[in-house]
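Undergrad: Okay, handing you the structure first.
Protein chains in written order, with this note's numbering: chain A, 1 to 335; chain B, 1001 to 1254.
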């Protein structure tokens, strides 16, 4: 009952030179929860993870993980957290077994015990056949699994996953998701950053949307969608129809003004019942030809668009290993 | 403290395990020095006068010193790669000793330097080199060489963390190490150099360490070079170990 939350930050701030990568982030994640941190490249996701995983120091000292101060109690904290990065941090010239054994020994295990634990993890992550091969021969998905296995060597109660599936093919993503879901079922607290809305939707109970270093919304996926109000009506116009006329014709159906993108007009309708009939009537009265018309629940994409004014997955998905711009820039300038 | 020792050894072991799997580096330690010995001995050797010694006797201490200095490139390239590939982040998220990553790196260089010193000595003996001193002196020479190589690894650790890519490690490393080793007594007698270069060569630490090696292996006059080499080694560690550690902290983002 008196257990402190798994993760707790108050006004967490970190700047890189002029850039405020994190600007007063307040966050609470209960034990055993999964928080999805959603945001575009450069939003501050990676900075937040690096701060919580003791890799970076905050400007303001106000973050606790499992009740331990990330700056003052960093050494004790490192025994209890696992970190898997967006680019798999394993030694390419070591085999899977050697990588995991090394990590186990660096946690303080004796060689035999570390090796036994390594074999256990290789089995769990279906890497037994590749255990004796250098990691540079692994596929992208195998490397991520090995990286995740390395984060789990000491069975940490809190796990940080920084864009765990960025750049993976769909099948590898699904298998990694299954593994993460298993961990969650076992009671691990997970903070997961992602730029994929479907990933946050599937894995996370709570989603925090971050942009320009600030949390701009937090809630369950349903709560976030409800914030947008009801259903979305999408109208695809005939090639020669005038979107401006369609927007004017549909404006009365919504509290927000409809948006038009090429031939696609979107309306957040006030009322679901009869919306399609009414839309068709209004459009035909205005003389606008319709090609297709759908009514659907808002997706997290809509949420993101509404909250930030830009789409979530701008230039994402190609496995950009620096994902978050601020720390990457810092690393570049040092390097 | 115990943590520091065990973690350093774990990292050193890791560096040595992966060495044979990066063949280009292994070739650097083995074939390349042999090639240089043969080139100097047979291409330049005939044209260089070394009063009191055959050129092969003169050359081997010098080229081994140069090669030991280059041994630290494994540290420079390895650290550079670890930072770029995010492995440093992995290490820093573990409850391991902070100093072990650098300590293990420089320590594994001692092992690779021992290997290349052995290879060069065997090559030298085959082409006519011989020790002119007692076994104890010759062994002391190898010890001094390993100490100097260890110190120089800290300099190269700093370089490896300073620059952004392995290509720049190579160019910055070569540009700093090549002139230092060539403008020294390693390959030609310093007396044969023009004014300016000669004065530089006389105070160059590489001249001091090479002279110390020639004293311990060939019985050449010591002129305090043995003490000088030991002091230089300690000075290099004292200067570059803190610089490398500071750089490591920054490179790791903390």
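Virtual Cβ for every residue (Gly too), placed ideally from N, Cα, C.
(1) If distances are taken between C-alpha atoms only, which option among A/63, A/240, A/226 and A/281 comes closest to residue 270 of chain A?
(2) Please state whether DSSP places residue 1173 of chain B in a helix, a strand or coil.
(3) Excluding five sequence neighbours on each side, which residues of the same chain lie with their C-beta closer than 7 Å to the C-beta of residue 1016 of chain B?
(4) Using alpha carbons as the reference points, say which of A/119, A/306 and A/34 lies closest to residue 232 of chain A.
(5) Is it true that the CB of residue 1186 of chain B sits closer than 7 Å to the CB of residue 1037 of chain B?
(6) What is the DSSP secondary structure of residue 152 of chain A, counted as helix, strand or coil?
(7) Could you check whether the Cβ of residue 313 of chain A sits closer than 7 Å to any Cβ belonging to chain B?
(8) Can you name the start and end residues of the beta strand (DSSP E) that residue 16 of chain A belongs to?
(9) For residue 1209 of chain B, I'd like the list of residues in its chain whose CB is within less than 6 Å of its CB, leaving aside the five on either flank, ordered along the chain.
(10) Taking 7 Å as the limit between beta carbons, can you name the residues of its chain near residue 251 of chain A, skipping five residues before and five after?
(11) When the distance is taken between beta carbons, is residue 1079 of chain B closer than 7 Å to residue 1141 of chain B?
(12) At least one CB of chain A closer than 7 Å to the CB of residue 1105 of chain B: is that the case?
(13) Give me the residue from B/1191, B/1084 and B/1150 with the minimum Cα distance to residue 1050 of chain B.
(14) Are the Cβ atoms of residue 83 of chain A and residue 185 of chain A separated by less than 7 Å?
(15) Can you tell me where the alpha helix (DSSP H) with residue 1008 of chain B in it begins and where it stops?
(16) Thinking C-alpha only, which one of B/1203, B/1219, B/1001 and B/1042 is nearest residue 1133 of chain B?
(17) Let me check one thing: in DSSP terms, what residues is residue 1061 of chain B bridge-paired to?
(18) Just mark residue 1224 of chain B as buried or exposed, buried being the case when its beta carbon has 16 or more other beta carbons within 10 Å.
(19) I'd like to know whether the C-beta of residue 1018 of chain B is nearer than 7 Å to at least one C-beta of chain A.
(20) Give every residue of the same chain whose Cβ lies closer than 6 Å to the Cβ of residue 170 of chain A, excluding the five residues on either side of it in the sequence, and list them in chain order.
(21) Are residue 1059 of chain B and residue 1166 of chain B closer than 7 Å when you measure CB to CB?
(22) Mind checking whether residue 1106 of chain B and residue 1153 of chain B have CB atoms under 7 Å apart?
(23) Taking all protein chains shown into account, decide if residue 1227 of chain B is buried (16 or more other Cβ within 10 angstroms of its Cβ) or exposed.
(24) Can you give the Cα-Cα distance for residue 1158 of chain B and residue 1245 of chain B, rounded to whole angstroms?
(25) What is the rounded straight-line gap between the Cα of residue 116 of chain A and the Cα of residue 131 of chain A?
(26) Are the beta-carbon atoms of residue 1116 of chain B and residue 1178 of chain B separated by less than 7 Å?
(27) Distance, Cα to Cα, residue 118 of chain A vs residue 104 of chain A?
(28) One question on the structure: do residue 1155 of chain B and residue 1184 of chain B come within less than 7 Å of each other, judged by their Cβ atoms?
(29) For the beta strand (DSSP E) that residue 261 of chain A lies in, which residues bound it at each end?
(30) With distances taken between CB atoms, is the gap from residue 12 of chain A to residue 58 of chain A smaller than 7 Å?
(31) Helix, strand or coil for residue 234 of chain A, going by three-state DSSP, please let me know.
(32) Is the CB-CB distance between residue 188 of chain A and residue 159 of chain A below 7 Å?
(33) Residues of chain A with CB under 8 Å from residue 1087 of chain B, in chain order?
(34) Give me the subset of the segment 123 to 156 of chain A whose CB atoms are less than 7 Å from a CB atom of chain B, sorted by chain position.
(35) By the 10 Å Cβ neighbour count, where 16 or more other Cβ atoms means buried, how is residue 304 of chain A classified, buried or exposed?
(36) By Cβ distance below 6 Å, which residues in the same chain neighbour residue 1104 of chain B in space, the five residues on each side in sequence not counted?
TA: Result, derived from the coordinates:
(1) By one-based count along the first chain, residue 270 of chain A stands at place 270. Put simply, of A/63, A/240, A/226 and A/281 the residue whose alpha carbon is nearest the alpha carbon of residue 270 of chain A is A/226.
(2) As a first step, residue 1173 of chain B is located in the second chain; it is residue number 173 there, counting from the start. The answer is helix: DSSP assigns residue 1173 of chain B an H, G or I state.
(3) Position 16 of the second chain, counting from 1, holds the residue named residue 1016 of chain B. Excluding positions up to five away in sequence, the list reads 1108 and 1111.
(4) Within the first chain, the letter at position 232 stands for residue 232 of chain A. Closest by alpha carbon: A/306.
(5) Working through the second chain from its first residue, we reach residue 1037 of chain B at position 37. Working through the second chain from its first residue, we reach residue 1186 of chain B at position 186. The answer is no: Cβ separation not under 7 Å.
(6) Counting from one through the first chain, the residue named residue 152 of chain A turns up at place 152. In the structure shown, residue 152 of chain A falls within a coil segment according to DSSP collapsed to helix, strand and coil.
(7) Walking along the first chain from the start, residue 313 of chain A turns up at place 313. Because the pLDDT at residue 313 of chain A is just 48, under 50, the model does not fix this residue reliably, and the value given afterwards should be weighed accordingly. Judged by the 7 Å Cβ criterion, residue 313 of chain A is not in contact with chain B.
(8) Residue mapping note: residue 16 of chain A aligns to position 16 of the first chain, counting from 1. It spans 7 to 16 - the beta strand (DSSP E) in which residue 16 of chain A sits, taken as one unbroken run.
(9) In the second chain, counting from the first residue as 1, residue 1209 of chain B sits at position 209. Same-chain partners within the cutoff: 1065, 1148 and 1229.
(10) By one-based count along the first chain, residue 251 of chain A stands at place 251. Cβ within range, chain order: 257 and 258.
(11) The sequence position of residue 1141 of chain B within the second chain is 141, counting from 1. The sequence position of residue 1079 of chain B within the second chain is 79, counting from 1. Not closer than 7 Å, so no.
(12) Residue numbering aside, residue 1105 of chain B sits at position 105 when the second chain is read from its first letter. By the rule that beta-carbons nearer than 7 Å mark a contact, residue 1105 of chain B does not touch chain A.
(13) Position 50 of the second chain, counted from the start, is the residue given in the question as residue 1050 of chain B. Each of B/1191, B/1084 and B/1150 was checked against the Cα of residue 1050 of chain B, and the nearest Cα belongs to B/1191.
(14) The count along the first chain starts at 1 and reaches residue 83 of chain A at position 83. The count along the first chain starts at 1 and reaches residue 185 of chain A at position 185. No, the Cβ-Cβ distance between residue 83 of chain A and residue 185 of chain A is not below 7 Å.
(15) Indexing the second chain from 1 puts residue 1008 of chain B at position 8. Looking at the DSSP string, the run of the alpha helix (DSSP H) that includes residue 1008 of chain B is 1002 to 1018.
(16) Translated into positions along the second chain, residue 1133 of chain B becomes position 133. Taking only the C-alpha atoms, the option nearest residue 1133 of chain B is B/1219.
(17) The sequence position of residue 1061 of chain B within the second chain is 61, counting from 1. Note: residue 1061 of chain B sits in no beta bridge, so no partner.
(18) Taking the first residue of the second chain as 1, we reach residue 1224 of chain B at position 224. Per the 10 Å Cβ criterion, exposed.
(19) The count along the second chain starts at 1 and reaches residue 1018 of chain B at position 18. It does; some Cβ of chain A falls within 7 Å.
(20) Position 170 of the first chain, counting from 1, holds the residue named residue 170 of chain A. Within the same chain, residue 170 of chain A has no close Cβ partners at all.
(21) Sequence index remark: in the second chain, residue 1059 of chain B carries index 59 (1-based). Sequence index remark: in the second chain, residue 1166 of chain B carries index 166 (1-based). Not closer than 7 Å, so no.
(22) Taking the first residue of the second chain as position 1, residue 1106 of chain B is located at position 106. Taking the first residue of the second chain as position 1, residue 1153 of chain B is located at position 153. Contact flag set, yes.
(23) Within the second chain, residue 1227 of chain B is the residue found at index 227, counting from 1. By the 16-neighbour rule on beta-carbons within 10 angstroms, residue 1227 of chain B is exposed.
(24) Counting from one through the second chain, the residue named residue 1158 of chain B turns up at place 158. Counting from one through the second chain, the residue named residue 1245 of chain B turns up at place 245. For residue 1158 of chain B and residue 1245 of chain B, the gap between their C-alpha atoms comes out near 8 Å.
(25) The count along the first chain starts at 1 and reaches residue 116 of chain A at position 116. The count along the first chain starts at 1 and reaches residue 131 of chain A at position 131. Computed Cα separation, rounded: 13 Å.
(26) Sequence index remark: in the second chain, residue 1116 of chain B carries index 116 (1-based). Sequence index remark: in the second chain, residue 1178 of chain B carries index 178 (1-based). Cβ atoms of residue 1116 of chain B and residue 1178 of chain B: not closer than 7 Å.
(27) Counting from one through the first chain, the residue named residue 118 of chain A turns up at place 118. Counting from one through the first chain, the residue named residue 104 of chain A turns up at place 104. Cα-Cα distance, rounded: 8 Å.
(28) The residue given as residue 1155 of chain B occupies position 155 in the second chain. The residue given as residue 1184 of chain B occupies position 184 in the second chain. Going by C-beta atoms, residue 1155 of chain B is not nearer than 7 Å to residue 1184 of chain B.
(29) Position 261 of the first chain, counted from the start, is the residue given in the question as residue 261 of chain A. Per DSSP, residue 261 of chain A belongs to the beta strand (DSSP E) from 259 to 261.
(30) As a working mapping, residue 12 of chain A is identified with position 12 in the first chain. As a working mapping, residue 58 of chain A is identified with position 58 in the first chain. Here residue 12 of chain A is near residue 58 of chain A, since their CB atoms are less than 7 Å apart.
(31) Here residue 234 of chain A corresponds to residue number 234 of the first chain, with the count starting at 1. Strand, per DSSP.
(32) Taking the first chain and counting its residues from 1, the one referred to as residue 188 of chain A is at position 188. Taking the first chain and counting its residues from 1, the one referred to as residue 159 of chain A is at position 159. Taking 7 Å as the cut-off, the Cβ atoms of residue 188 of chain A and residue 159 of chain A count as close.
(33) By one-based count along the second chain, residue 1087 of chain B stands at place 87. Under the 8 Å cutoff, chain A gives 89, 90 and 91.
(34) Listed in chain order, the positions of the segment 123 to 156 of chain A with a beta carbon within less than 7 Å of a beta carbon of chain B are 134 and 150.
(35) Counting from 1 along the first chain, the entry for residue 304 of chain A is found at position 304. Buried, by the Cβ-count rule.
(36) Stepping through the second chain from its first residue, residue 1104 of chain B is reached at position 104. Same-chain partners within the cutoff: 1008, 1011 and 1012.
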